[in-house]
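There are 2 protein chains.
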Amino acid sequence: MALKQIRNMEEFAAVSGISRPTLSKYFNDPDSVRRSTRERIELALTQYDYRPNVYAVNQNRRKTRNIGVVVPNLADPFFSEIGREVELACIAAGYSPILLSSHGNPTQERDNLELLRSLKPAGVLLAPFGRISDRDDIASFNKHIPVVLFDANIEDACEAFVGTNNFQSIDLMVEYLCRSGEPPCLFEMKSPTNPNANKRRQAYLESMQRHGFQPHIFQAEGDGWNFEEIGSAEGGRFISQNAFATNTVLCSNDRLAIGVLSAAYRLGKKVGRGPDCALRIAGHDDHPFSRFTCPSLTTIAQDYSAIANRAASTLFRVLDTDERPAERAETLFNGNLVMRDSA
Amino acid sequence: MALKQIRNMEEFAAVSGISRPTLSKYFNDPDSVRRSTRERIELALTQYDYRPNVYAVNQNRRKTRNIGVVVPNLADPFFSEIGREVELACIAAGYSPILLSSHGNPTQERDNLELLRSLKPAGVLLAPFGRISDRDDIASFNKHIPVVLFDANIEDACEAFVGTNNFQSIDLMVEYLCRSGEPPCLFEMKSPTNPNANKRRQAYLESMQRHGFQPHIFQAEGDGWNFEEIGSAEGGRFISQNAFATNTVLCSNDRLAIGVLSAAYRLGKKVGRGPDCALRIAGHDDHPFSRFTCPSLTTIAQDYSAIANRAASTLFRVLDTDERPAERAETLFNGNLVMRDSA
DNA sequence: GCATTTAGTTTACGCGCGTAAATTTTTTAT
DNA sequence: ATAAAAAATTTACGCGCGTAAACTAAATGC
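Respectively, the protein sequence lines represent chains A and B. Take the first sequence: its position 332, counted from the start at 1, is 1408 in my numbering, and no numbers get skipped. Take the second sequence: its position 44, counted from the start at 1, is 1120 in my numbering, and no numbers get skipped.
Written out as structure tokens, the structure reads:
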């Protein structure tokens, strides 16, 4: 087995009988060498435990084969899932993904970009917080390295954006709710960290107007990422004060909705479509747990697989052509209504 | 500002007026140079945008300042949280953490170790699946690189283990449940992926015996990490068949409990301590969502902050002394009972 | 079978930094 | 002030690999 410990490509060239430059070509692209040569190399690889020193490999190359993937918060299952999809897409394309979480903290996002700067990635897939304060950092980063945004858009920044069409998805939900019962009011954060929330509010207003109903917006005080907590506290407050304008509450995202559902349960208000129900509650995002809330949550499923793969392939195209695209593309995927028991 | 683009340490030496070897010392340990020199360097750093090329830095060094952190599944909030704590501990100690998720897949765990092998980390903090099949891979990996296990133990493998004392935590819960109502039966996976589940079963049996009650174990069919789904389907089956031996169900972990709670709701069985309740349900782990289940979940909180920090500091000690510890240490932290409304 | 194309070999240099040895400068102790 | 200690500088080499140039061997086309 381990006939001899191979220390570097030179030694591997000696034992495999292939010259070092050819080996170098092989490791950069196995298909760039003749098949017979490739087989000889791969035979030798089974006999000797050698693999190129990543640090030496990346030292000279201006662009590595690394791709940075930055998401706002891996503790949020949505980003955990979409991050995973992006990783897989990168691996499939022969890149090495480096998944970084900003842990709900814009400062950490800057730190992550700073870290990536020194890792010289070929490109970056970034789901930004989208606050104005980040804009300059991201633009400055983008000067040197191609960046494709996903999930949250920053107007006119970076090579492209891929996300969900909130206007379509919210309209879909509003339409359903209006058709099946009282028109919904909207429950959201007062100062949302995510620009999608603003899009959704806008979409709600337009959609309600289109359907000829009076919109009602209820905003929760609170900061940070404890959406369930905020939804539970503030939603509970609105419920117990009978403040919601209608019996139907559309929450800006599932995590808020999960909080509101827990508050409703605590307050003894039955949630659902039945005649004995006091409230209907809907969400947005199809959070993994929304199937297991009580009752299960009616929501919008984002097509995160499509988003992840499109974002990745958009970046790959930029990397392949090695030039910035003339036009900044914005791709929006439709959401799907997931009907469960809460609305 | 950017007076000149600095390309390497040589050029930075020229503009800063400090010799390259001294700069090298500084970047490896800022305190290894005289204070006045350090201040001159840091002044220059504010004027010029230079930082050492990570790849060149790590190329020669046998041991990098990287620390690999491998968890079974970042989509599971428990690992997301504890992974974060570990990251912070590494950064605080001057190391660069590389957080990798095995995505619920033992093969991926092997791939992650393979990846880490080429990144030459100083050490690794590993939360393993703990299946027997991984043992050899991990042991082989551990031959070259120090590894501290956390969360899940593998007997006699690696430098040390840090986790929760399941015997203490389960006993705490069993004691509470017996004292406050009917003695609990145990609900768990038939073929658990996590060795803690086996510990918890053992602990349950011993604890029930100690309290003089007959133990009852109910096992859910199913594979993978969809614990909520399995808990909901299988738990629902047991509930609707009235199969649980007592009205109190202790679930092996919170995610199963979340599934069982959703099944109970679906079946119209009220859960809680009150006289009108049909079931009491308890969990283990204090999952972030267990506060927002309906009703909120009584559970055991693992001290993951303590676990993460102890695991990290144990590894650092090994790295500092630069020799393997004579004795393999196992550190177990106690769990805390979190009383909520479900039991 | 021969010319042409394609692939591999030899040789050589450079990347950015760690680091050792010898020397000079600066600080500290007496 | 002077000797000793500490720190910085100069010089030089090596790490493992990418890569270019000139050359040689093998595969391909007709």
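Backbone N, C-alpha and C fix where the C-beta goes; we use that ideal spot for every residue, glycine too. Here the structure is a predicted model, which is why all the values come from computation and not from measurement.
Cβ-based neighbour list, residue i, same chain, cut-off 6 Å, excluding 5 preceding and 5 following
{"i": "S1381/A", "result": "E1161"}
{"i": "E1304/A", "result": "R1331, I1334, G1335"}
{"i": "F1155/A", "result": "V1147, N1149"}
{"i": "N1412/A", "result": "A1377"}
{"i": "A1120/A", "result": "S1092"}
{"i": "L1248/B", "result": "L1413"}
Option nearest residue i by Cα separation, candidates the options
{"i": "S1124/A", "options": "A1089/A, S1112/A, V1146/A, R1138/A", "result": "Looking at the sequence provided, one finds Tyr at residue 1124/A rather than Ser. Ranking the options by Cα distance to Y1124/A, first place goes to A1089/A."}
{"i": "I1167/B", "options": "I1143/B, G1411/B, R1286/B, C1234/B", "result": "I1143/B"}
{"i": "D1212/A", "options": "V1414/A, L1189/A, F1314/A", "result": "L1189/A"}
{"i": "S1172/A", "options": "L1337/A, V1414/A, A1388/A", "result": "A1388/A"}
{"i": "E1185/B", "options": "Q1081/B, S1095/B, I1214/B", "result": "I1214/B"}
{"i": "V1325/A", "options": "L1253/A, T1122/A, A1279/A", "result": "L1253/A"}
{"i": "Q1285/B", "options": "Q1317/B, K1275/B, V1250/B", "result": "V1250/B"}
{"i": "I1306/B", "options": "E1231/B, F1263/B, D1187/B, C1234/B", "result": "F1263/B"}
{"i": "I1174/B", "options": "A1169/A, N1181/A, P1182/A, L1195/A", "result": "L1195/A"}
{"i": "S1308/A", "options": "F1289/B, A1279/B, P1153/B, S1366/B", "result": "S1366/B"}
{"i": "T1375/A", "options": "L1337/A, V1133/A, G1350/A", "result": "L1337/A"}
{"i": "Q1244/B", "options": "V1394/B, K1275/B, S1316/B", "result": "K1275/B"}
{"i": "P1097/A", "options": "T1183/A, V1133/A, T1122/A", "result": "V1133/A"}
{"i": "A1228/A", "options": "A1339/A, L1192/A, E1406/A, Y1126/A", "result": "E1406/A"}
{"i": "P1222/B", "options": "R1313/B, L1201/B, F1314/B, F1205/B", "result": "L1201/B"}
{"i": "Y1280/A", "options": "I1246/A, A1340/A, D1152/A, P1271/A", "result": "I1246/A"}
{"i": "F1314/A", "options": "Q1278/A, G1288/A, N1329/A, L1355/A", "result": "L1355/A"}
Helix, strand or coil at residue i [DSSP, three-state]
{"i": "D1299/A", "result": "coil"}
{"i": "R1110/B", "result": "coil"}
{"i": "G1335/A", "result": "helix"}
{"i": "S1100/A", "result": "helix"}
{"i": "L1343/B", "result": "coil"}
{"i": "T1240/A", "result": "strand"}
{"i": "M1077/A", "result": "Unreliable positioning characterises M1077/A in this predicted model, as indicated by a pLDDT of 46, which lies under 50. The coordinate reading is nonetheless provided below. Coil, per DSSP."}
{"i": "G1312/A", "result": "helix"}
{"i": "F1154/A", "result": "helix"}
{"i": "D1247/B", "result": "helix"}
{"i": "S1177/B", "result": "strand"}
{"i": "G1420/B", "result": "Because chain B spans 1077 through 1419 in this model, residue 1420/B falls outside it and cannot be assessed."}
{"i": "N1084/B", "result": "coil"}
{"i": "I1165/B", "result": "First, the residue type needs correcting, since residue 1165/B is Ala and not Ile in the sequence shown. In this structure, A1165/B counts as helix in the three-state DSSP scheme."}
{"i": "A1419/A", "result": "coil"}
{"i": "D1361/B", "result": "strand"}
7 Å Cβ shell around residue i - same chain, five flanking residues per side excluded
{"i": "E1297/B", "result": "K1266, E1310"}
{"i": "S1177/A", "result": "V1147, N1149, L1150"}
{"i": "R1138/B", "result": "none"}
{"i": "R1114/A", "result": "Y1102, P1106"}
{"i": "F1409/B", "result": "T1240, N1241, D1379, A1382, I1383"}
{"i": "S1316/B", "result": "L1343"}
First and last residue of the uninterrupted alpha helix (DSSP H) at residue i
{"i": "T1407/B", "result": "Looking at the DSSP string, T1407/B is not in any alpha helix (DSSP H); the run it does join, the beta strand (DSSP E), is 1405-1409."}
{"i": "C1370/A", "result": "First-last for C1370/A: undefined, no H or E at that position."}
{"i": "P1271/B", "result": "1271-1287"}
{"i": "T1140/B", "result": "Per DSSP, T1140/B belongs to no alpha helix (DSSP H) and is neither H nor E."}
{"i": "E1190/A", "result": "1182-1195"}
{"i": "F1226/B", "result": "Looking at the DSSP string, F1226/B is not in any alpha helix (DSSP H); the run it does join, the beta strand (DSSP E), is 1223-1226."}
{"i": "T1390/B", "result": "1380-1397"}
Beta-carbon proximity list for residue i, same chain, < 8 Å, skipping 5 on both sides
{"i": "C1261/B", "result": "P1291, H1292, I1293, F1294, F1320, A1321, T1322, T1324, V1325, L1326"}
{"i": "E1231/A", "result": "none"}
{"i": "D1352/B", "result": "K1346"}
Span of the beta strand (DSSP E), counted from its first residue to its last, around residue i
{"i": "I1357/B", "result": "1356-1358"}
{"i": "E1264/A", "result": "1261-1265"}
{"i": "N1412/B", "result": "1412-1414"}
{"i": "T1324/A", "result": "1324-1327"}
{"i": "G1199/A", "result": "1199-1202"}
Residues from the segment 1364-1390 of chain A in contact with chain B, defined by Cβ distance under 9 Å: Under the 9 Å Cβ criterion, the segment 1364-1390 of chain A contributes P1364, F1365, R1367, F1368, T1369, C1370, P1371, S1372.
Against chain B: residues of the segment 1250-1275 of chain A by CB proximity under 8 Å: Taken residue by residue, none of the segment 1250-1275 of chain A has a beta-carbon sitting less than 8 Å from a beta-carbon on chain B.
The segment 1148-1166 of chain A: positions lying closer than 7 Å to chain B by Cβ: For the segment 1148-1166 of chain A, which is checked against every Cβ of chain B, the residues closer than 7 Å are L1150, A1151, P1153, S1156, E1157, R1160.
Residues in the segment 1174-1195 of chain A having any Cβ partner in chain B nearer than 7 Å: Against chain B - using a Cβ distance shorter than 7 Å - the residues of the segment 1174-1195 of chain A are H1179, S1194, L1195.
Members of the segment 1338-1367 of chain A that neighbour chain B once the beta carbon cut-off is set at 7 Å: From the segment 1338-1367 of chain A, only S1338, Y1341, F1365 have a Cβ closer than 7 Å to chain B.
Residues of the segment 1115-1133 of chain B whose Cβ lies closer than 9 Å to any Cβ of chain A, in chain order: So the close ones are R1127, P1128, N1129, V1130, Y1131, A1132, V1133.
Chain-ordered residues of the segment 1315-1337 of chain B with a beta carbon less than 8 Å from chain A: The segment 1315-1337 of chain B vs chain A, Cβ under 8 Å: I1334, G1335, L1337.
Residues from the segment 1134-1147 of chain B in contact with chain A, defined by Cβ distance under 7 Å: Within the segment 1134-1147 of chain B, those residues whose Cβ lies closer than 7 Å to any Cβ of chain A are, in chain order, N1134, Q1135.
Residues of the segment 1279-1307 of chain B with Cβ closer than 7 Å to any Cβ of chain A, in chain order: From the segment 1279-1307 of chain B, only E1304 have a Cβ closer than 7 Å to chain A.
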